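Novice:
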Amino acid sequence: MKIWFIIIIRILVITIERTLKMSDYIIEMLNITKEFPGIIANDDISLQLRKGEIHALLGENGAGKSTLMSVLFGLYQPEKGTIKKNGEVVHIKNPNDANDLGIGMVHQHFMLVDVFTVLENIILGIEPNQLGFIKKKEARDKVMVLSKKYGLLVDPNAYVKDITVGMQQRVEILKMLYRENDILIFDEPTAVLTPQEIDELMMIMRNLAKEGKSILFITHKLNEIMAVADRVTVLRKGKCVATIDVKDATKEKLSLMMVGRSVNFNIEKEISNPKEVVLSARNLVIKSSSSKKMAVNDVSFDVHRGEIVCIAGIDGNGQTELVHGVTGLDEIVSGQLILDGHDITHASVRNRSKLGMSHIAEDRHKHGLILDYSLEENLVLQRYWQPEFQNKGFIRKNAVRSYSDDLIAKYDIRSGQGSITTVRSMSGGNQQKAIVAREVDKKHEVLIAVQPTRGLDIGAIEYIHKQLIAERDKGFGVLLISLELDEVMDLPDRILVIYEGRIVGELDPKKTTFQELGLYMSGAKRDPKFEPSADQGATQQ
Amino acid sequence: MNVLGDLISSMIAFAVPLILVALGAMFSERSGTINIALEGIMIIGGLVASLIFKFLNESQLAVTAPQLCVLIGVLGAAIVGSLYSFFLAFASIRLKADQTIGGTALNMLAPALAIVVTWAIQGQGQTAIYTPNWVPLAIAPIDANFLERIFLKSMYLTTPICILVIVAATIIIYKTKFGLRLRSCGENPAAADSVGINVYKMRYTGVMISGALAGIGGVAFTLAAGSGFASTVAGYGFLALAVMIFGNWQPLKIAFAALLFAFFKSLSGMSGSIPFLPSFENVKESLYIYLMIPYIVTMIILALTSKKSRAPKAEGIPYDKGSR
Amino acid sequence: MKTSNFFSQVMSSIGKFFIKMWNGILNLRKKRGFNSILASLFSIVIGIVIGLLLMLIIKPKDAFYGLAMMLSGGVSNISNIFQVLYTAAPLLMTGLAVGFAFKTGLFNIGAAGQYTVGAFFAIFGAVIFKLPWYLDILLAALGGALWGAIPGLFKAFLNVNEVITSIMFNWIGLFAVDLIIANTPRLLDTYYGGADQSRAVNVAGVNPGAKLPSLGMESLSPYMNVGIFIAIILAIVMFIILNKTTFGYELKACGYNKESSKYAGINAKRNIVLSMAISGALAGIGGALTYLAGTSQMQVTKSISPIGFNGIPVALLGMSNPIGIIFSALFIAYIQIGGNAMQPEFATEVIDIVISVIIYLSAFSLVFKQAIDKYLLNRNRKQKDLELAEENKPKAPAVETPKEGDLQ
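Chains as they are written, first to last, in numbering that gives the first Met the number 0: chain A, 0 to 540; chain B, 0 to 323; chain C, 0 to 407.
Written as structure tokens, this is what we have:
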């Protein structure tokens, strides 16, 4: 008898809890399925957002998080499933519908028009107007009121192309607040911020939640979830794995759910044993393509054989130009660059490659590959002119094919049809593997790897990290440029921080912290050793 | 002095079609689509207007309200031009085809179509449609003075229309919400999409506006050329693109660029009668030198200004909603 | 025993042979080129249908006669067949010019100007310097190359769009040539006689050695000469260059992706100029083939010859593939001769309309084909992705077994 009693009470309690909970879900996405040609991006996913909570959406690249939020924001229509607001079913066919329901989104790649002012960007699409003529003053007043209320500092008359990334993000947030959105979606908001700016953003999010806004934020960074979220939903390969309270979670548990197997957080590597210098840069000065200032202003560093050196910094502080200068894509205005004893300051790209430079480019689609060429044609991109592959100008097709087959086997590059596959059809991870194979396999002394793991899933990331460490252990030098803070702290043996075109600090990843790194990256801290007045010439190392 | 007056009036007459078409091109490109078919659209516009004039010539309206007839012709050209450009818009925007292919096809189709239609209506071999004499806004007397030459000679309804369009374009692009949204589609269509703007609709609108203006420009060209419609616009459609680039996609600068070019073209037409110009005594057919000059000048200017050129960022790139 | 064994062996090899053929045909479907050819054929059919519709509208009772002429005029008699070949030769050259440029990422709408300048160089060499035909062709190539290099230079070094530059130089070239011809009496004195405006340069009359040899075929037709063969050989040469040489590899790379090719050490600027120069040379040779045939004379005129522009549809229909361009040039020449036969009932411009409709549709079909390709690719890719993800786990065993404290 007693048992029945207990069971009934439990059922009652659960039902009451459930009903209470249901009423404070402001948004529910139920059984959402979204398909694209050939791929099921969201497979029967359900997610519920409570009013005033900060709810994280976790998953690795390609898990379906952005797609799910795009469905909520009206950019995509789901094949199956319903969305409810405050318990009522709603149909969101476009961003205007989402906006009418109070849903707003800050995208991973900012949706801002460079040549418009901050004000114009905020009011785009919802311009206060009279007979079509925009009422700028009215708009400006409203924006400044919001800016003060939520502590989001912006200059309404500045052009977006001239402001910092942090301010750009604030503009995106103001866009949502201007439209009186209550449900705010953030897609990977911290990807472009320094540790300090990340802290600021976390504070802004907490403030917004306190004011009654409900926040959904997409991320693959476990630290942030632990720091600011109330609950987290984990997605994997298009399916929902679980939704748990953050206070009940640990990083290990989350990563296990995210990837399906436990992940090694620390990259396994032996202590480096650097030998002689293989690449030496002295007082490099390189022009910027967009402004009159020099993008790289007196940068010097050495890369030794057997070490991985990382140049870290906020995007836009000269790393891109530095890499272009070192690899030969841009001209070095003054200074000197020496590779393995040869002065390559003004050498062509081809010559630098011949003398031992390999380069894994920043954007595999824009620079690293020719998407419409086949895999084998891409694999010989750096070597097609060698006697091995051509005879008096005619391509030796057989030699190319066998080399390509060889690399495919050695580096485990997966593709639809092997050597003749059009590279465009390969997955990002395998495209990157092809690039790595090509650059690592050719004869070289130093490898320059820029953002080598961007946009890849964990398996591919681990593979590439392993390759880079193997490079180091084989006695080559590796110059790594990365924006991924975890990678910066884990992979290299030495970190050089670049800020406004100068090296401002040298850190030991084993001894430094994220906070210290962040301070250097944002220019708040400088190592006096690197001040221009302190040095007379090349005596850094 | 009289020669100067003639020069200026000729300059205005030639600049008007350029300005109209270049402004049209600006609307299209600002929304993100390169309109290579302007040449063809001009021809179609000229054809339609000339046919309307011919038709109205037989009616009472031509006697009582000639300028109204001209207006009807101009409107007809604008409407048909807009419809013709729809084909380009469809291929470029909906189907995301290479924008130069669609445009080139339409450019080849237009003169052929024009000749076939002209033959069909006027009979075989008659390839030109003559402009009735009630079309010009005013007639200048034989011994007109300087001012009379400027304002009365070669003055058609299209000239004041052109001035109106310049003013309207400037206001619309910079001061209205339509203008802001149009520009956003040409600079960052993804951003526009994310705030709920229909990028496809905006781009269609931009192209069709350019079609309408190019159609009117075709009429203006036919009138300026003086001898009626002859199924060609001598490369003006492409010149307009150059003028647009030279004018950095801004209405007032475009007008200035067009005037500069028209100046040289007028010079070439009048090279014989201008005393202070080198007359190339020993060169036969020296008019060819003058004919070349406008194109050479354009190239020089393009060469010099290319660095500062600021094209709409997303022009020529079809917008694909799925590619995020 | 032996015979039945033998018999079954023969049967099985025949069977294998057929299976191989069948697979070959199925594979043909998968080959990238197949879809393109289908797309072109589709555009052609629709284009012709629209032409028929147009003729029905204009003169219904003659429409089918017109259609018949359009489709069969080219082979209605021997003379016409040779005229097709004769017309096709310069068309093939300008088509090659445009197609070659397309393959390397450039739109050479200046083929018309390069054709004119090339023709001029050839005529000048023939009449003034009395050079034989093969040297004149080389001169034409030189002239065309020069005129093509100019837009190339503008694009590579000044970043001015090659379409605008080419169009400007089409006109500049035309007027410059006009100017020089008008002022070189030796060229004009060769004219057959007639009013000033129609003065023409008679090459063959002055320098028979400059006329393209007819290889003994004059008896067949005054139109027949070595031109078409030169054009076909050049098409094959271009095909080999594009597909089998490192030079072609570099040019295509630049056309597909300028940035990646820079990163591969390829000199993009040099290649843009070279591409345009080669393209111009081809168009220039086209000019030579027309004016050295002894059947046309160059005139001082204010309008640009359409042969240069017709290279564009030839290239597009031939999918920018030199071998394909051979066929599309022959086709377009064929229907143009057919168009001549349609007169006087219909204007020859009807053919131009048909051609432009075909081009417009080819833009569609290109996209259509791309859409199919993308769909198939994505479907394959998803399969591969699923397999990849499964197999892409690191192979090191240490990670597989759960360690203490990793799980909760």
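Using N, Cα and C, we set each Cβ at its ideal position, and we do this for glycine too.
Bear in mind that the values here come from a model prediction, so they are computed numbers and not experimental data.
(1) Are the Cβ atoms of Asp492/A and Ser271/A separated by less than 8 Å?
(2) Can you tell me the Cα-Cα spacing of Tyr294/B and Gly109/C, whole angstroms?
(3) Assuming Ile336/C and Asn79/C form a contact by the criterion Cβ under 8 Å, report the distance between their Cβ atoms to the nearest whole angstrom.
(4) With 8 Å as the threshold, decide whether the Cβ of Ala261/C is near any Cβ in chain A.
(5) Would DSSP call Asn397/A helix, strand or coil?
(6) Mind pulling the chain A residues with CB within less than 9 Å of Asn256/C?
(7) Please confirm if Phe54/B has its CB atom under 8 Å from at least one CB of chain C.
(8) What residues of chain B sit near Glu126/A, judged by a beta carbon separation below 7 Å?
(9) Does the Cβ of Gln168/A have 16 or more other Cβ atoms within 10 Å, making it buried, or fewer, making it exposed?
(10) Would you report the Cα separation of Gly193/C and Met297/C, rounded to the nearest angstrom?
(11) For Ile171/B, tell me which candidate among Tyr129/B, Arg29/B, Ser8/B, Asp5/B has the shortest Cα-Cα distance.
(12) By a C-beta neighbour count over all protein chains shown, 10 Å radius and 16 as the cutoff for buried, is Glu78/A buried or exposed?
(13) Would you identify the three-state DSSP class for Glu87/A, choosing helix, strand or coil?
(14) What residues in the region 2 to 17 of chain A bring their beta carbon closer than 9 Å to a beta carbon of chain C?
(15) So, is the C-beta of Ile419/A closer than 8 Å to a C-beta in chain C?
(16) On the three-pair Cβ rule with 8 Å, is the region 292 to 306 of chain A touching the region 224 to 233 of chain C?
(17) Which full runs of the alpha helix (DSSP H) of 4+ residues lie inside the region 44 to 125 of chain B, going along the chain?
(18) Where do the N-terminal and C-terminal ends of the alpha helix (DSSP H) with Ala125/C fall, by residue?
(19) Assign Gly474/A to one of two classes, buried (16 or more other C-beta atoms within 10 Å of its C-beta) or exposed (fewer than that).
(20) Quick test of the definition: if touching needs 3 or more C-beta pairs under 8 Å, does the region 268 to 279 of chain C touch the region 148 to 157 of chain C?
(21) Can you pull the chain A neighbours of Phe246/C, defined as C-beta to C-beta under 7 Å?
(22) Which bits of chain A does Ile196/B rub up against, with CB to CB less than 8 Å?
(23) How far does the alpha helix (DSSP H) with Val70/A in it extend, from its first residue to its last?
(24) Starting from Thr319/A and walking both ways along the alpha helix (DSSP H), at which residues does that stretch end?
(25) Less than 8 Å between CB atoms is the rule here; does Ala111/B satisfy it with respect to chain C?
(26) Count the CB pairs spanning the region 224 to 240 of chain B and the region 158 to 169 of chain B that are closer than 8 Å, and state whether there are at least three.
(27) Where does the unbroken beta strand (DSSP E) through Phe106/C begin, and where does it stop?
(28) Against chain C, which members of the region 331 to 359 of chain A pass a CB distance test of less than 9 Å?
(29) Do Val79/B and Val47/B count as a contact pair if the criterion is CB distance below 8 Å?
(30) Between Glu186/B and chain A, is the shortest Cβ-Cβ distance under 8 Å, so that the two count as touching?
(31) For Val115/B, which residues in chain C fall below 9 Å Cβ to Cβ?
(32) Using a Cβ cut-off of 8 Å, pull out every chain A residue sitting near Ser265/B, in sequence order please.
(33) Give every residue of the same chain whose Cβ lies closer than 8 Å to the Cβ of Tyr203/B, excluding the five residues on either side of it in the sequence, and list them in chain order.
(34) For the beta strand (DSSP E) that contains Leu48/A, what are its first and last residues?
(35) Given that Leu111/A touches chain E, what residues does it touch there, using C-beta distances under 8 Å?
(36) With a Cβ-Cβ cutoff of 8 Å, do Gly50/C and Val349/C count as a contact?
Specialist: Result, derived from the coordinates:
(1) yes
(2) 14 Å
(3) 6 Å
(4) It is Lys, not Ala, that sits at residue 261/C in the sequence shown. Yes, contact with chain A.
(5) helix
(6) His364, Lys365, His366, Leu368, Ile369, Leu370, Asp371, Tyr372
(7) no
(8) Lys176, Leu179
(9) buried
(10) Its pLDDT being 43, under 50, Gly193/C is placed unreliably by the model, and the measurement read from it follows with that caveat. Going from the Cα of Gly193/C to the Cα of Met297/C covers about 14 Å.
(11) Arg29/B
(12) exposed
(13) strand
(14) none
(15) no
(16) no
(17) 60 to 63, 65 to 88, 98 to 121
(18) 110 to 126
(19) exposed
(20) yes
(21) Gly392
(22) Leu123, Gly124
(23) 64 to 71
(24) 318 to 326
(25) yes
(26) no
(27) First-last for Phe106/C: undefined, no H or E at that position.
(28) Ser347, Val348, Arg349, Asn350, Arg351, Ser352, Lys353, His358
(29) yes
(30) yes
(31) Leu53, Ile57, Phe345, Ala346, Glu348, Val349, Asp351, Ile352
(32) Near Ser265/B there are no residues of chain A at all, since even the closest Cβ is about 36 Å away, more than 8 Å.
(33) Phe85, Ala88, Ile92
(34) 38 to 49
(35) Structure shown: chain E not included; protein chains present are A, B and C.
(36) yes
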